[in-house]
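Enquirer: If you read the sequences in order, they're chains R and C. No gaps in the numbering here: position 178 of the first sequence is 177 in numbering that gives the first Met the number 0, and each next residue is one more. No gaps in the numbering here: position 161 of the second sequence is 160 in numbering that gives the first Met the number 0, and each next residue is one more. Quick reminder that beta carbons are idealized off the backbone N, C-alpha and C, glycines included. The structure displayed is predicted, hence computed values, not measured ones.
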Amino acid sequence: MTEQKQRNLSIIRGGLTLLAAAALYEGLARSGIFAKALLPTIPTILRTLIDMIADGTMLEHSAYTLYRVMFGFLLAVVFALPLGILMARSKRVENFCLPLISALMPIPSFALVPLFMLWFGIGNLTTILIVFYAATFPMLFNTWAGVRSVNPLWLRAAGSMGADEQRLFWKVIIPGASPFIITGMRQAFLRCWIAVVGAEMIAASDWGLGWVIFDAKEFLNADVMLASLIVIGAIGFAFERLVFGSIERATVLRWGMVRATKS
Amino acid sequence: MQNAATTIGIAAAASGRDGEAFRERLRVVWRNTFPFLVVGAIWEIVALTGVFPRQLFPTLEQIATSFVTLSLNGILLHHTVETLLRLLIGFGLAAACGVGIGMMMGRSRPAEDSLLPLVSILAPIPGLAYTPLFLLWFGPGEVSAVLLVAFVSMFPVIYNTWTGVKAVKEIWLRSAQAMGANNQRLFRTVILPGALPYILTGLRLGLGQAWRILVAVEMLAAVPWGLGWLIFGAREFLNTDAMMAGVIVIAVIGLLLEKFVFAKLEHYTVVRWGMMGRT
């Protein structure tokens, strides 16, 4: 069998499974074994999704969630990148921070939600701080590892060619550590995206995709829930593939730090 | 670290006494405790000044007292045992299903083609987002919590097992076959050991994910016992000290899971078989 034929077969099989899964779900939903409210049919879910997009509520929820994620994520970047670099460059900072980080890292961000709710109340501040907490550690760890793993040969070579501290930093250390840093950001974003949904369920006010799912449970609106799930999945997927994919292409791939993977 | 360790060894051997090594070890202990002392002192000062109400920002003594009382009367232990049990069952399910599905996807092309689209659609949705749905379908309580943990932690296991099986070198398979290994032997002695480093990575990631999700699920799923519930319930009564005690136990368990369970497992299998270097 040729490669092309094999690929076509793969696509057909994949499509068939998806169709079969959808048909199975639709059959179950229509059979009436389970309550309609709990297991809405696919057209109902799609109609809810379209309605919610059309009247703007879905956009507003998404906007709130994205705002929280972005704010927390940026805070984490601003905090974790310099600290990670500092830790890798100075033994004293590393000695001080590393034990603290190893103690804090195993605490899941959700475990802090109740505490933060007491301290900062319900709403944006708590959610943003939880996102910040969730994003900080992967970023910190990867930056630290990245800067440490810069080939000492490059540093010495640049040094002997007369690069000063500043040039060394921008021209050698940052590009050298960039694959790690970007991996760190990617991991951090995934964590953030999970954390924001959880934090919104427990500690959000009136808006946010996590909140909408949890709120829909109270009114048995399984269609709203599933519609929001689709949106959450789609946004997460888009960020992972489009945003981080293009950042990677613009930086580390272009600088030749990692080879492009064939996809 | 490695360098330090060898220098210590050499120094100790050269001087012929343990004094130097002992002093070095003390220095390491001091280096690791010093940051905690600083942070603890800052915490204590802030708590004592009363800038924040004592109820919300307890002193270290209060946290320690509540930790000790909760431990002594067995409440903390009960919460911990329930949480660990849930983690064990949920993650056990995930490991069994995940490795099974991953193996199937790695070995058979039709299985891969038909399962991959489903997996890649379901995996990127954050696990917690499924919580309300599971609560609706399976009702609040034990079943939802365990199933959710299993469902969420299954994906990293599937992905890594699948990659691992596909990463087994073709030449190993062919040479084993040429030497007359039947399918069963091929699987047990070539594919499984070959894929194991990946599978273990997947299990490790899955366990981490299961642990993070479990804490949140316990808050949302109205289970009667569990560390997540402990800290969530403590909020209602402003028991910040009990909450802190719960967070400490959660951190310790998380650390132990990562450091001991998987490091040991890795040591006994892949490192011993020479699939991976000693770290």
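1) Taking the alpha helix (DSSP H) that E265 (chain C) falls in, what are its first and last residues?
2) From what residue to what residue does the alpha helix (DSSP H) around E25 (chain R) run?
3) Considering only the alpha carbon of each residue, which of R:F109, R:S245, R:K90 lies closest to A231 (chain C)?
4) Taking three-plus beta-carbon pairs below 8 angstroms as touching, is the region 194-209 of chain C in contact with the region 232-242 of chain C?
5) Name the chain R residues whose beta carbon is nearer than 8 angstroms to that of N31 (chain C)?
6) The alpha helix (DSSP H) that contains P123 (chain C), what's its start and end?
7) Is any beta-carbon of chain R found at less than 9 angstroms from that of P192 (chain C)?
8) Could you check which residue in R:L124, R:A53, R:L117, R:L85 has the C-alpha nearest to that of Q54 (chain C)?
9) Let me confirm a value: D54 (chain R) is counted as buried when at least 16 other C-beta atoms fall within 10 Å, else exposed. Which label applies?
10) Say whether the region 112-130 of chain C touches the region 177-187 of chain C, bearing in mind that this needs 3 or more beta-carbon pairs closer than 8 angstroms, one atom from each stretch.
11) So, does the region 243-252 of chain R touch the region 214-233 of chain R, judging by three or more C-beta pairs under 8 angstroms?
12) In chain order, what residues of the region 211-230 of chain R put their CB closer than 8 angstroms to some CB of chain C?
13) Look up I173 (chain R) in the DSSP assignment and say whether it is helix, strand or coil.
14) Assign I88 (chain C) to one of three DSSP states: helix, strand, or coil.
15) Can you grab the Cα-Cα spacing for the pair V118 (chain C) / F154 (chain C), in whole Å?
16) Whole angstroms is fine: what's the gap from A36 (chain R)'s alpha carbon to F218 (chain R)'s?
17) Please list the segments of the alpha helix (DSSP H) lying wholly inside the region 147-218 of chain R, counting only runs of 4 or more residues, in order along the chain.
18) Can you give the Cα-Cα distance for T188 (chain C) and Y267 (chain C), rounded to whole angstroms?
19) Tell me the DSSP secondary structure of I121 (chain R) in three-state form.
20) What residues of chain R sit near G91 (chain C), judged by a beta carbon separation below 8 angstroms?
21) Against chain R, does P223 (chain C) count as a neighbour if the rule is that its beta carbon must be under 9 angstroms from one of theirs?
22) With DSSP collapsed to three states, give me the class of A3 (chain C).
23) My output table needs one value for F51 (chain C): the three-state DSSP class, helix, strand or coil.
24) So which of R:D205, R:L167, R:F238, R:G235 has the shortest CA-CA distance to E59 (chain R)?
25) Examine chain R for any beta-carbon lying closer than 9 angstroms to the beta-carbon of Y267 (chain C), and answer yes or no.
26) Can you tell me whether T1 (chain R) is buried or exposed, with buried defined as 16 or more other CB within 10 angstroms of its CB?
27) In this structure, how does DSSP classify G18 (chain C) when only helix, strand and coil are distinguished?
28) So if I threshold CB-CB distances at 8 angstroms, which residues from the region 230-252 of chain R count as touching chain C?
29) Report the neighbours of M69 (chain R) on chain C: residues whose CB is nearer than 8 angstroms to its CB, in chain order.
30) Check the Cβ-Cβ distances between M57 (chain R) and every residue of chain C, and say whether any is below 9 angstroms.
31) For I181 (chain R), which residues from the same chain have a beta carbon less than 8 angstroms from its beta carbon, with the 5 sequence-adjacent residues on both sides left out?
32) Please state if the CB of E257 (chain C) and the CB of R203 (chain C) are separated by a distance shorter than 9 angstroms.
33) So, does the region 136-149 of chain R touch the region 87-105 of chain R, judging by three or more C-beta pairs under 8 angstroms?
34) Just the chain R side, please: which residues come within less than 8 angstroms of E257 (chain C) by C-beta, in chain order?
35) Which residues in the same chain have their Cβ closer than 6 angstroms to the Cβ of A4 (chain C), if we skip the five residues on either side of it in sequence?
Expert: The answer reads as follows:
1) 262-265 is the span of the alpha helix (DSSP H), which, as asked, contains E265 (chain C).
2) Per DSSP, E25 (chain R) is one residue of the alpha helix (DSSP H) stretching across 2-30.
3) In the sequence under discussion, the amino acid at residue 231 (chain C) is Phe, which differs from the Ala named in the question. The option with the nearest alpha carbon to F231 (chain C) is R:F109.
4) Contact fails: fewer than three Cβ-Cβ distances are below 8 angstroms.
5) Within chain R, the residues P98 have their CB atoms less than 8 angstroms from the CB of N31 (chain C), given in chain order.
6) Careful: P123 (chain C) lies outside any alpha helix (DSSP H) and carries neither H nor E.
7) P192 (chain C) does not count as touching chain R.
8) Shortest Cα-Cα distance from Q54 (chain C) to any of R:L124, R:A53, R:L117, R:L85 involves R:L117.
9) So D54 (chain R) ends up on the exposed side.
10) Verdict: no, contact absent.
11) Contact fails: fewer than three Cβ-Cβ distances are below 8 angstroms.
12) Result list: I212, F213, A215, K216, L219, A221, M224, L225, S227, L228.
13) I173 (chain R): helix per DSSP, three-state reduction.
14) In the structure shown, I88 (chain C) falls within a helical segment according to DSSP collapsed to helix, strand and coil.
15) Distance between the alpha carbons of V118 (chain C) and F154 (chain C) is about 7 angstroms.
16) Roughly 9 angstroms separates the two Cα atoms.
17) Fully enclosed alpha helix (DSSP H) runs of no fewer than 4 residues occupy 151-159, 173-202, 208-217 of the region 147-218 of chain R, in order along the chain.
18) Rounded to the nearest angstrom, the two C-alpha atoms are 16 angstroms apart.
19) Secondary structure at I121 (chain R): coil, using DSSP grouped into helix, strand and coil.
20) From the beta-carbon of G91 (chain C), no residue of chain R is found nearer than 8 angstroms; the closest lies around 20 angstroms away.
21) Output row for P223 (chain C): interface = no.
22) Residue placement at A3 (chain C) cannot be trusted, given a pLDDT of 48 that sits under 50; the coordinates are not used to answer.
23) Annotated three-state conformation of F51 (chain C) is coil, per DSSP.
24) The option with the nearest alpha carbon to E59 (chain R) is R:D205.
25) No, Y267 (chain C) does not count as interfacial toward chain R.
26) Exposed.
27) Under the three-state reduction of DSSP, G18 (chain C) is assigned to helix.
28) Cβ proximity to chain C below 8 angstroms picks out I231, G232, G235, F236, E239 from the region 230-252 of chain R.
29) What M69 (chain R) touches in chain C: nothing, since even the nearest Cβ is about 16 angstroms away.
30) Judged by the 9 angstroms Cβ criterion, M57 (chain R) is not in contact with chain C.
31) Non-local C-beta neighbours of I181 (chain R) in its own chain, meaning closer than 8 angstroms and more than five positions away in sequence, comprise F243, I246, E247, T250, V251, ordered along the chain.
32) The answer is yes: Cβ separation under 9 angstroms.
33) The region 136-149 of chain R vs the region 87-105 of chain R: in contact.
34) When 8 angstroms is used as the limit between beta carbons, E257 (chain C) is near these residues of chain R: P105, in chain order.
35) Low confidence applies to A4 (chain C): its pLDDT is 48, below 50, so where it sits in the model is not reliable enough to give any reading.
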